[in-house]
Structure formats: structure tokens, C-alpha cells
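S.K.: I'd like to ask some things about the structure below.
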Amino acid sequence: AQKITQTQPGMFVQEKEAVTLDCTYDTSDPSYGLFWYKQPSSGEMIFLIYQGSYDQQNATEGRYSLNFQKARKSANLVISASQLGDSAMYFCAMREGSGGTSYGKLTFGQGTILTVHP
Amino acid sequence: AAGVIQSPRHLIKEKRETATLKCYPIPRHDTVYWYQQGPGQDPQFLISFYEKMQSDKGSIPDRFSAQQFSDYHSELNMSSLELGDSALYFCASSLEGVVTEAFFGQGTRLTVV
Chain W
25 AQKITQTQPG MFVQEKEAVT LDCTYDTSDP SYGLFWYKQP SSGEMIFLIY
75 QGSYDQQNAT EGRYSLNFQK ARKSANLVIS ASQLGDSAMY FCAMREGSGG
125 TSYGKLTFGQ GTILTVHP
Chain L
15 AAGVIQSPRH LIKEKRETAT LKCYPIPRHD TVYWYQQGPG QDPQFLISFY
65 EKMQSDKGSI PDRFSAQQFS DYHSELNMSS LELGDSALYF CASSLEGVVT
115 EAFFGQGTRL TVV
């Protein structure tokens, strides 16, 4: 079963508007972390935001916020005031467990290509 | 701030050749992860090291091997290269116990011709 699902292959948004990128996950582990990364056409993987499974509040980092709905197993990324430079591929990823040798690896979703129009 | 450094950034090899990719983690980071991202694909975990010992193994072909050295840098060795090995190879590093971070290098784009 897919552990991370991003159902939007592509999204379009007007500059200065907000956009939500969807991510659902599947895990039976009570301890996990969710990450969002931005991958521009240059290929680098840029860390955006992190949400821990025990965090009570939604994570925010500047224009990025994570809409964490634990019961629904969703961790949607909200980008406010979109900019042309936000056009990129966005990956949702999950790290399962709270320790041990297999703790650190990330499982990625399929990605969503975001295009910001002027 | 110092980031994860990967070298080379681009590499072109012929089939059946070998390639070595290098990764220098963020200073103080003791854990290194390797990922492979094929064209149009999401990154797939290959292997990880903690304190110079292999800590986890994913879908890494037997033709590939990796190690982490005393200075914590890591090398991914790839032999008998195949066309399907053409991909972007990422290294990521983190500090054991710090759960909120996983920083990636800029990647090595390997093209096998």
C-alpha cells in the first residue's frame, strides 16, 4: 500500500493567491514525522516544513503552513501569497518510528507540480 | 550555514563502467542517507549509515555499495552501470535524535550512456 499519497499531479495558482497541496499518509506507527520538500527544475531538494505526530499545533514556516489532520491522516501544505519562484515540484514525505536503525529514512509521495501564473 | 555537499554534480558514464559518488554531511551530523530519483519519479531510499555503520538498507542493487568514513563523509560505489541507473542521486544528513530535520545535498545527476 502506498504510504504517502499526493493525488494532485499538477496544480495552478495565480500569483499572490494561496494554494493547498494535498498529502495523505498511511502508518500504524504512533510516532512519525511529516516533511514537505520543494524541488525546482534545478533538481535540488529544499526542506520546507516539518510536523511531528505528537505536535499539537500545525507547523508554520514563513509563507508555508501545514494543515495537519491526524484523524484523517492528512498533512496538506498551504502556501500563502504565492510567488513566481514557488513554481516547482513539491514532495510530501514521512519518517516512521521514534528510534532504532531504520528510523531516519523518508518515504516520499509522487509529488505535485505547482505552477504559479503571473 | 554549511549544507550537505555532494560531488560530482554531474557524471556521465558508459554502460558497464563504475562510478563513485561522494557526500559530505552537515558538520556534526552523524547519519547519512542515500536516495535515488529516476526521471519523473519520487526519491527512493537506498541505504543509510549511522556512526560509520550501515543502519538501514532499501532498494539498493547488489552492484552498489556504500560506506561512511571516519570523518562521516560517505561514498556510494556503483559498478557494472546500466542505462536504468541514470538518475539523480541524493545524499541527506541528520543528527541522531534530532527528528525535525533531514537536509539534502544538491544531488549528483548520473547519466549512463
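Chains W and L are the protein sequences, given in the same order.
The opening residue of the first sequence carries number 25 in my numbering; numbering runs sequentially from there.
The opening residue of the second sequence carries number 15 in my numbering; numbering runs sequentially from there.
Virtual Cβ for every residue (Gly too), placed ideally from N, Cα, C.
Would you call the segment 111-127 of chain L and the segment 24-34 of chain L touching, i.e. three or more CB-CB distances under 8 Å?
M.R.: Yes: at least three Cβ pairs fall under 8 Å.
S.K.: Mapping DSSP to helix, strand and coil, what is residue 109 (chain W)?
M.R.: In this structure, residue 109 (chain W) counts as helix in the three-state DSSP scheme.
S.K.: Using three-state DSSP, classify residue 17 (chain L) as helix, strand or coil.
M.R.: Three-state result, residue 17 (chain L): coil.
S.K.: Considering Cα atoms alone, identify which of W:119, W:129 and W:80 is closest to residue 58 (chain W).
M.R.: The residue with the shortest Cα to Cα distance from residue 58 (chain W) is W:119.
S.K.: DSSP has residue 47 (chain L) in a bridge; who is on the other side?
M.R.: Partner(s): L:62 and L:106.
S.K.: Could you name the residues of chain W that residue 108 (chain L) contacts, counting a contact when the two beta carbons are closer than 7 Å?
M.R.: Here the neighbours are 128.
S.K.: Mapping the DSSP letters down to three states, classify residue 130 (chain W) as helix, strand or coil.
M.R.: Coil.
S.K.: In the DSSP assignment, what residue or residues form a beta bridge with residue 120 (chain W)?
M.R.: Paired residue(s): W:56.
S.K.: Would you decide whether residue 78 (chain W) is buried or exposed? Buried here means 16 or more other CB atoms lie within 10 Å of its CB.
M.R.: Result: exposed.
S.K.: Look up residue 34 (chain W) in the DSSP assignment and say whether it is helix, strand or coil.
M.R.: Residue 34 (chain W) falls in the strand class under three-state DSSP.
S.K.: For residue 134 (chain W), go through chain L and note every residue whose CB falls closer than 9 Å to its CB, in chain order.
M.R.: Result: 55 and 56.
S.K.: Within 10 angstroms of the Cβ of residue 108 (chain W), are there 16 or more other Cβ atoms? Answer buried if so, exposed if not.
M.R.: By the 10 Å Cβ count, residue 108 (chain W) comes out exposed.
S.K.: Cβ atoms of residue 117 (chain L) and residue 54 (chain L): under 8 Å apart, would you say?
M.R.: No, the pair does not count as a contact, with Cβ atoms beyond the cut-off.
S.K.: Can you list the residues of chain W that residue 102 (chain L) reaches, using a CB-CB cut of under 8 Å?
M.R.: Per Cβ cutoff of 8 Å: 67.
S.K.: Per DSSP, residue 27 (chain L) forms a beta bridge with which residues?
M.R.: Its beta-bridge partners are L:126.
S.K.: Is residue 34 (chain W) buried or exposed, if buried means 16 or more other CB atoms sit within 10 Å of its CB?
M.R.: Exposed, because fewer than 16 other Cβ atoms sit within 10 Å of the Cβ of residue 34 (chain W).
S.K.: Name the DSSP bridge partner or partners of residue 92 (chain L)?
M.R.: DSSP lists L:33 and L:78 as partners of residue 92 (chain L).
S.K.: Please state whether the Cβ-Cβ distance between residue 84 (chain L) and residue 43 (chain L) is less than 8 Å.
M.R.: No, these two residues do not count as a Cβ contact at 8 Å.
S.K.: Spatial neighbours of residue 31 (chain L) within its chain, please: C-beta separation below 6 Å, excluding the five flanking residues on both sides.
M.R.: Cβ within range, chain order: 95.
S.K.: Under 9 Å between beta-carbons, which chain W residues line up against residue 59 (chain L)? List them in chain order, please.
M.R.: In chain order: 129, 130, 131 and 132.
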